[in-house]
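If you read the sequence shown in full-length UniProt numbering, its first letter stands for residue 1, the second for the next number, and so on. In this text, a Cβ means the ideal position worked out from N, Cα and C, and glycines have one as well. Predicted model, so just to flag it, every value in this text is computed and none were measured.
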Amino acid sequence: MEVKHSFTVLLVEDSMSLGALYTEYLRSEGAKVTHVNHGEDALSELTTWQPDLLVLDIKLPDMSGMEILQKVQSQYPDITVIMITAHGTIDLAVESMKSGAFDFIIKPFDAKRLSITVRNALKQRQLVNLVANYEKSLPKANYMGFIGESLAMQTVYKTIDCVANSKASAFIIGESGTGKEVCAQAIHHAGNRRDKPFIALNCASIPKDLIESEIFGHTKGAFTGAVANRDGAATRAHGGTLFLDEVCEMELELQSKFLRFIQTGIFQRVGGTKEEKVDVRFVSATNRIPWDEVIAGRFREDLFYRLHVIPIELPALRVRGKDVLLLAHKFLKEYNAEEGKQFKSFSGDVKKILQTYHWPGNVRQLQNIIRQIVVLNSSDIIDESMLPTLFKSDSGSGQTQIKPVISIASANQASAIKNCESLAIDELARSNKLQAADSEIVKAETIIPLWLSEKQTIEAAIEQCDGNVPKAAAMLDISASTIYRKRQGWDELQDAVSEN
Ligand SMILES: Nc1ncnc2c1ncn2[C@@H]1O[C@H](COP(=O)(O)OP(=O)(O)OP(=O)(O)O)[C@@H](O)[C@H]1O
1 MEVKHSFTVL LVEDSMSLGA LYTEYLRSEG AKVTHVNHGE DALSELTTWQ PDLLVLDIKL
61 PDMSGMEILQ KVQSQYPDIT VIMITAHGTI DLAVESMKSG AFDFIIKPFD AKRLSITVRN
121 ALKQRQLVNL VANYEKSLPK ANYMGFIGES LAMQTVYKTI DCVANSKASA FIIGESGTGK
181 EVCAQAIHHA GNRRDKPFIA LNCASIPKDL IESEIFGHTK GAFTGAVANR DGAATRAHGG
241 TLFLDEVCEM ELELQSKFLR FIQTGIFQRV GGTKEEKVDV RFVSATNRIP WDEVIAGRFR
301 EDLFYRLHVI PIELPALRVR GKDVLLLAHK FLKEYNAEEG KQFKSFSGDV KKILQTYHWP
361 GNVRQLQNII RQIVVLNSSD IIDESMLPTL FKSDSGSGQT QIKPVISIAS ANQASAIKNC
421 ESLAIDELAR SNKLQAADSE IVKAETIIPL WLSEKQTIEA AIEQCDGNVP KAAAMLDISA
481 STIYRKRQGW DELQDAVSEN
């Protein structure tokens with residue numbers, strides 16, 4: 001393998017004369033050398049540039065070379081470190097190799113000795129880079145919290161890699177449960193804001209009259225209940241990322257205030273008079289089609305263009321092929337550990353069913369179903385009998401039919417299932433013979449409107465979860481924001497019914 005001819009070296013050696021000598025040796029190898037005499041100077045150089053090699057004396061006037069090595073290992077792990085040591089510090093030099101130094105050279109040494117070590121170090125760097133590039137070109141099965149090696153997900157990973165360090169606003173779209181929040185976190189953690197805060201704000205779940213204060217904060221006395229000054233999400237996200245989940249649910253009035261904030265980074269707290277400026281990167285998400293919202297007049301066009309700079313589309317689980325099984329195995333392992341169960345895998349039939357089902361609730365639904373199976377059964381293999389009723393095929397066409405999760409369970413039925421809080425809703429329905437209720441309700445004399453039965457189902461689930469809306473939402477395989485949105489709609493429908 002050819003050794004790289006031009007490379008950079010930071011040489012840390014307190015003796016001026018030895019420093020000059022080693023610099024000469026290194027230059028004859030083709031290196032661009034910067035020589036410093038103190039540890040502090042070396043650390044300050046490293047904040048502005050990183051050399052290919054760090055040639056580091058163990059004994060320095062202001063700190064030990066070991067201390068510098070440790071800092072380099074944690075902050076600049078790509079730098080190859082060669083230690084220089086005197087006879088009396090050989091033990092330390094051996095220690096330094098255990099801590100990650102590439103090699104050590106004992107003083108005094110000649111140009112040839114240094115040349116061999118430097119060439120070996122450069123060869124090793126080339127190999128490491130080669131392997132890293134090769135690994136990058138392989139499909140990834142895991143990426144920043146995502147599981148999945150389908151082509152569709154590889155495209156998502158590549159986009160995240162490309163945009164992570166940019167400040168441009170990213171806009172994530174995808175059906176509910178496809179991993180939009182995982183994606184927002186991945187953008188943050190893969191980028192150079194990773195050490196700063198990631199603040200998520202769900203624009204649909206915060207009541208209308210509180211959202212402005214949630215975003216911008218408020219001053220004491222700004223409204224009833226504002227007993228003290230409070231920072232909003234904008235302030236807390238300073239230097240980091242502000243994730244606006246369900247962004248299309250933002251009220252039009254707030255959208256205009258938000259537009260100015262996005263353009264300038266400047267905002268005022270509710271009740272405040274002073275302007276504040278922050279540096280945040282915006283990542284937004286919705287499970288709606290944002291342009292349709294613009295056309296319908298529910299989302300400002302100018303805000304759309306500000307936020308929708310880098311669109312990222314998360315594919316539905318049904319188009320991710322074998323990812324379904326990868327995810328299912330990952331969840332199985334996780335819930336086995338949580339529940340103390342011994343499941344090892346899925347039967348062949350179950351694998352087929354999982355791969356052909358079309359997952360309206362996407363990854364969240366798969367997650368809930370695996371948990372439900374693990375909680376309710378004990379065995380080593382998951383077979384067809386353990387699957388919830390919604391997987392029962394009745395078409396004979398080989399296509400699994402989707403049945404809504406407790407489609408028309410009434411409030412009375414819900415009270416019958418009250419004692420089984422930890423069970424997923426679908427299984428609760430099964431275990432309490434609610435399947436039969438579907439047909440009985442249809443037979444019943446009074447047929448209630450669909451929206452009302454849906455309302456009753458949702459309210460029953462919330463009650464069962466002790467008022468915990470996100471938990472109820474997870475069990476119903478919908479997002480919490482869907483529940484909040486529906487609640488608003490029910491009030492309007494209820495009013496309309498009362499007026500008639
Ligand atoms: N590719 C994935 N690998 C592992 N876990 C995932 C993946 N995608 C989603 N999840 C998990 O699925 C659940 C739902 O994900 P998330 O909340 O990010 O979805 P979402 O698209 O934001 O949903 P919603 O639109 O309903 O808010 C979470 O528990 C998340 O950790």
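Check	Outcome
In terms of residues, what are the limits of the beta strand (DSSP E) holding D103?	103 to 106
Could you tell me whether any non-hydrogen atom of ligand 1 is closer than 7 Å to the CB of Q367?	yes
Which residues does DSSP pair with F282 in a beta bridge?	L242
Is it the case that the Cβ atoms of Y335 and R281 are separated by a distance below 8 Å?	no
Counting C-beta neighbours from all protein chains within 10 Å, is the total for P207 16 or more, i.e. buried, or is it exposed?	exposed
Using the beta carbon as the reference atom, which residues fall closer than 5 Å to any heavy atom of ligand 1, ordered along the chain?	F146, I147, G148, S176, G177, T178, G179, K180, E181, V182, N287, V363, R364, S479
I need the boundaries of the alpha helix (DSSP H) containing I53, first residue and last residue.	Here residue 53 turns out to be Leu, not Ile, going by the sequence shown. Element bounds for L53: not the alpha helix (DSSP H) but the beta strand (DSSP E), 53 to 57.
Throw me the rounded Cβ distance for the L54 and L10 pair, which I believe falls under 8 Å.	5 Å
May I ask you to report which of helix, strand or coil DSSP gives V309?	coil
Can you confirm whether the region 171 to 180 touches the region 313 to 325 when touching is taken to mean that 3 or more C-beta pairs between the two stretches lie within less than 8 Å?	yes
Relative to ligand 2, is the shortest distance from any of its heavy atoms to the C-beta of M250 smaller than 7 Å?	What this structure holds is ligand 1, not ligand 2.
Could you check whether the Cβ of L201 sits closer than 8 Å to any Cβ belonging to chain B?	Absence of chain B from the displayed structure is noted, only one protein chain being present.
Can you check which of these residues, F391, Q263, I458, T34, is closest to T48 by C-alpha distance?	T34
Counting beta carbon pairs with one atom in the region 121 to 130 and one in the region 78 to 88, are three or more of them shorter than 8 Å?	yes
Would you mind working out which of G271, R306, V270 sits nearest S284, comparing C-alpha positions?	R306
Under three-state DSSP, which class holds M83?	strand
Taking only three categories from DSSP, how would you classify T48?	helix
L254 and residue 561 - do their beta-carbons sit closer together than 8 Å?	The requested residue 561 does not occur in the structure, where the chain is confined to residues 1 to 500.
So what does DSSP say about N120, is it helix, strand or coil?	helix
Would you check if the distance between the CB atom of D477 and the CB atom of N368 is smaller than 8 Å?	yes
Give me, in chain order, the residues of the same chain whose beta-carbon lies closer than 6 Å to that of A237; leave out the 5 immediate sequence neighbours on both sides.	P197, I199, V280
Within its chain, find whatever has a CB closer than 8 Å to the CB of Q50; leave out the 5 residues flanking it on each side and keep chain order.	Y76, D78, I79
Comparing alpha-carbon positions, which option in E338, M386, E45, E339 lies nearest D349?	M386
Distance check for L69 and D52, CA to CA, integer angstroms please.	14 Å
Is DSSP giving N142 helix, strand or coil here?	strand
Between which two residues does the beta strand (DSSP E) harbouring A228 extend?	It is not in any beta strand (DSSP E) - A228 carries neither H nor E in the DSSP assignment.
Give me, in chain order, the residues of the same chain whose beta-carbon lies closer than 6 Å to that of E149; leave out the 5 immediate sequence neighbours on both sides.	P139, A141
Look up L201 in the DSSP assignment and give the residues it is bridged to.	L244
Is the beta carbon of I58 sitting closer than 8 Å to the one on T85?	yes
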